[in-house]
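Protein sequences appear in the order of chains A and B.
Residue 251 in the UniProt record's numbering sits at position 251 of the first sequence, and the numbers go up by one each step.
Residue 157 in the UniProt record's numbering sits at position 157 of the second sequence, and the numbers go up by one each step.
Each residue gets a CB set at the ideal place from its N, CA and C atoms; glycine is no exception.
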Amino acid sequence: MSDSVDTVTTTGLVALQDVQKHFGDLHVLKDINLSIGRGEVVVVIGPSGSGKSTLCRAINRLEPIDSGSITLDGQPLPSEGKRLANLRADVGMVFQSFNLFAHKTILQNVTLGPMKVRGLSKAEAEKKARALLERVGVTAQAEKYPAQLSGGQQQRVAIARALAMDPKVMLFDEPTSALDPEMIKEVLDVMVDLASQSMTMVVVTHEMGFARRAANRVVFMADGQIVEEAEPQKFFTDPQTKRAQDFLSKILTH
Amino acid sequence: MDVISEFFSEYDGLGAFKTTIYLTVVSALFALLIGTVVAVMRVSPIRVLQVIGTLYVNIVRNTPLTLVIVFCNLGLFLQLGVSLANKDSNTFITDNNFRLAVLGLSVYHAAFVAEAIRSGVNTVPLGQAEAARAIGLPFLKTLRYVVLPQAFRGAIAPLGNVLIALTKNSTVASVIGVTEASAVMKVMMENRPDVIFVVFGIFAIGFVILTLPVGILFTSMSKRLAVKR
């Protein structure tokens, strides 16, 4: 168990308390306590199967948890229905496999949520979408379909689609893991830019460079538990736990 | 070959095929509507709806069409008094039989439509619905704007097969007195047993003319409208 549990409070924008989750016999989230402050960028790292993606997906209830509580802005996650949908609208999510709506153009991908959830007019939604597409650098592709774009472009559109909802927090579930190396940078640049504008972010990633550069805090998970939490500088230079030392020695020696 | 001219002049063969087409098109629209609702029930997160949808498909799909159609007439109309046309109209019997046939054909083929759409839903990756939910779309909007538009495109080919089957199955309507193509064929065969193969050939060709383009159209649409991933 982490030695920083005592720092957890319920005042965070996102707060997880005693969260437990099983997939059958597998205990994927064990006693998770984590509080994420407004404007904070938390990077979650750890070996495969450590539960970091599940943790990320639990925050907007794409994975329901077995017990414990998750609150967003002080409100517990509703179980299902309209209220959960409303809450999800405030939580942006970026997936490993982009998941752009395949039958809609890039512009329509970004305008769907604002129009059908927020009730914006088509003109308002398109204006906003074009501004966001410009921000992530894919304006020229607005009328194309997702399959016509490169992975890096698709992921930047996915970020724009999430931002179009004016989310309180952005969740990134391994956003660069499905990308070719040269496309990773263009996506990370957008994320660094977001972080610098004090967006609250939870980022599950293997990109240690991003963690060093943009994170306020690194959360290290293994076997469903939070093993260590620290500022990036401290975590990477002076990891406290054996598990983290072991993990870092494997990934930083190449 | 005078029987061919008789087909047009004495039996209103074209009118009979028009009835077949009309019967097919109207039934297809209702079947699409009912089938979509049933498919949505089967993929919904609500257990009761799933059960109802599954029961519908399994009961209707495994009941012979003749039985469904006959039940519409003998059961619904004659026993329960359910009529679907104006009783005072002098075309009451024709209208009522036609509409009862539409009811039977729609209800029956809706089960197959539902299965076709469900197979279409299975072509849509789970991530599409997750992304829709993640931007705050509730269940029905997720279906309407994200899953179903892609599911229908993935279901075009199987839906085409259902439409072809429906076209041919519409002949069963003759058992409750709808004068579609096969009903006229029976009359012609009774009157001209000497040229029974010619009569049979005329109607067989008639159905091929109806269904062949449907098959070609749906195959080309399924390729043209396929969602590129």
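For this session: Output, in chain order, the set of chain B residues within a Cβ distance shorter than 7 Å of residue 147 of chain A.
Result: As a first step, residue 147 of chain A is located in the first sequence; it is residue number 147 there, counting from the start. Within chain B, the C-beta atoms nearer than 7 Å to that of residue 147 of chain A come from 228, 229, in chain order.
Problem set entry | Integer-rounded CB distance, given that residue 136 of chain B should sit under 8 Å from residue 165 of chain A | The residue given as residue 165 of chain A occupies position 165 in the first sequence. The residue given as residue 136 of chain B occupies position 136 in the second sequence. Confirmed, about 6 Å.
Exercise. Going straight from the alpha carbon of residue 143 of chain B to that of residue 100 of chain A, what length do you get?
Worked result: Position 143 of the second sequence, counting from 1, holds the residue named residue 143 of chain B. Position 100 of the first sequence, counting from 1, holds the residue named residue 100 of chain A. About 15 Å.
Exercise. Can you find a CB in chain A that lies within less than 8 Å of the CB of residue 127 of chain B?
Worked result: Stepping through the second sequence from its first residue, residue 127 of chain B is reached at position 127. Yes, contact with chain A.
For this session: Would you kindly report the start and end of the unbroken alpha helix (DSSP H) that includes residue 101 of chain B?
Result: One-based indexing of the second sequence puts residue 101 of chain B at position 101. 92-122 is the extent of the alpha helix (DSSP H) around residue 101 of chain B.
Exercise. Do residue 28 of chain A and residue 224 of chain A have their C-beta atoms closer together than 8 Å?
Worked result: The count along the first sequence starts at 1 and reaches residue 28 of chain A at position 28. The count along the first sequence starts at 1 and reaches residue 224 of chain A at position 224. Cβ atoms of residue 28 of chain A and residue 224 of chain A: closer than 8 Å.
Problem set entry | Chain-ordered neighbours of residue 224 of chain B on chain A, where CB pairs are closer than 8 Å | Within the second sequence, residue 224 of chain B is the residue found at index 224, counting from 1. Ordered by position in chain A, no residue passes the 8 Å Cβ test against residue 224 of chain B, which lies about 13 Å from the chain.
Exercise. At least one CB of chain B closer than 8 Å to the CB of residue 116 of chain A: is that the case?
Worked result: Within the first sequence, residue 116 of chain A is the residue found at index 116, counting from 1. Interface residue, yes.
Exercise. So the beta strand (DSSP E) residue 163 of chain B belongs to, where does it begin and stop?
Worked result: Position 163 of the second sequence, counted from the start, is the residue given in the question as residue 163 of chain B. Boundaries around residue 163 of chain B are those of the alpha helix (DSSP H), 156-169, since no beta strand (DSSP E) includes it.
For this session: With distances taken Cα to Cα, identify the nearest neighbour of residue 3 of chain B among B/216, B/223, B/103, B/193.
Result: In the second sequence, the residue the question calls residue 3 of chain B occupies position 3. For the residues B/216, B/223, B/103, B/193, the minimum Cα distance to residue 3 of chain B belongs to B/193.
Problem set entry | residue 274 of chain A: contacting residues in chain B (beta-carbon distance under 9 Å) | Beyond the ends of chain A as shown, which are 1 and 254, falls residue 274 of chain A; an answer cannot be given.
Problem set entry | Extent of the continuous beta strand (DSSP E) run through residue 25 of chain A | If you number the first sequence from 1, residue 25 of chain A lands on position 25. Element bounds for residue 25 of chain A: n/a, residue is neither H nor E.
Exercise. How about residue 105 of chain B and residue 27 of chain B: do their beta carbons lie closer than 8 Å?
Worked result: Mapped onto the second sequence, residue 105 of chain B falls at position 105. Mapped onto the second sequence, residue 27 of chain B falls at position 27. Against a cut-off of 8 Å, the Cβ pair of residue 27 of chain B and residue 105 of chain B comes out as a contact.
For this session: Could you check the C-alpha separation between residue 154 of chain B and residue 122 of chain B for me, to the nearest Å?
Result: Your numbering for residue 154 of chain B matches position 154 in the second sequence. Your numbering for residue 122 of chain B matches position 122 in the second sequence. In a straight line, the C-alpha of residue 154 of chain B is about 9 Å away from that of residue 122 of chain B.
Exercise. Which residues share a DSSP beta bridge with residue 218 of chain A?
Worked result: Within the first sequence, numbered from 1, the residue matching residue 218 of chain A stands at position 218. A/43, A/230, per the DSSP bridge assignment.
Exercise. How would you list, in chain order, the residues of chain A whose beta-carbon sits under 7 Å from the beta-carbon of residue 146 of chain B?
Worked result: Stepping through the second sequence from its first residue, residue 146 of chain B is reached at position 146. By Cβ distance, chain A contributes 101.
Exercise. Which residues in the same chain have their Cβ closer than 8 Å to the Cβ of residue 12 of chain B, if we skip the five residues on either side of it in sequence?
Worked result: Residue mapping note: residue 12 of chain B aligns to position 12 of the second sequence, counting from 1. The residues are 184.
Problem set entry | Identity of the residue in A/94, A/239, A/89 nearest residue 119 of chain A by Cα | Taking the first sequence and counting its residues from 1, one reaches residue 119 of chain A at position 119. The closest CA to that of residue 119 of chain A, considering only A/94, A/239, A/89, is found on A/89.
Exercise. Taking 8 Å as the CB-CB limit, is residue 180 of chain B close to chain A?
Worked result: In the second sequence, residue 180 of chain B corresponds to position 180, counting from 1. Closer than 8 Å to the CB of residue 180 of chain B there is not a single CB belonging to chain A.
Problem set entry | Residue burial classification, residue 173 of chain A (beta-carbon count within 10 angstroms, cutoff 16) | To locate residue 173 of chain A, count along the first sequence from 1; it is residue 173. Around the beta carbon of residue 173 of chain A, 16 or more other beta carbons sit within 10 angstroms, so the residue counts as buried.
Problem set entry | Contact with chain B by residue 250 of chain A, beta-carbon distance below 8 Å | Position 250 of the first sequence, counted from the first residue, corresponds to residue 250 of chain A. No, its Cβ sits nowhere closer than 8 Å to a Cβ of chain B.
Problem set entry | Contacting residues, own chain, Cβ-Cβ under 7 Å from residue 226 of chain B (five flanking each side not counted) | As a first step, residue 226 of chain B must be located in the second sequence, where it is residue number 226. For residue 226 of chain B, the CB contacts under 7 Å within the same chain, skipping 5 residues up- and downstream, are 153 in chain order.
Exercise. When burial is assigned at 16 or more other CB atoms within 10 Å of the CB, is residue 170 of chain B buried or exposed?
Worked result: In the second sequence, counting from the first residue as 1, residue 170 of chain B sits at position 170. When all chains shown are included, residue 170 of chain B counts as buried.
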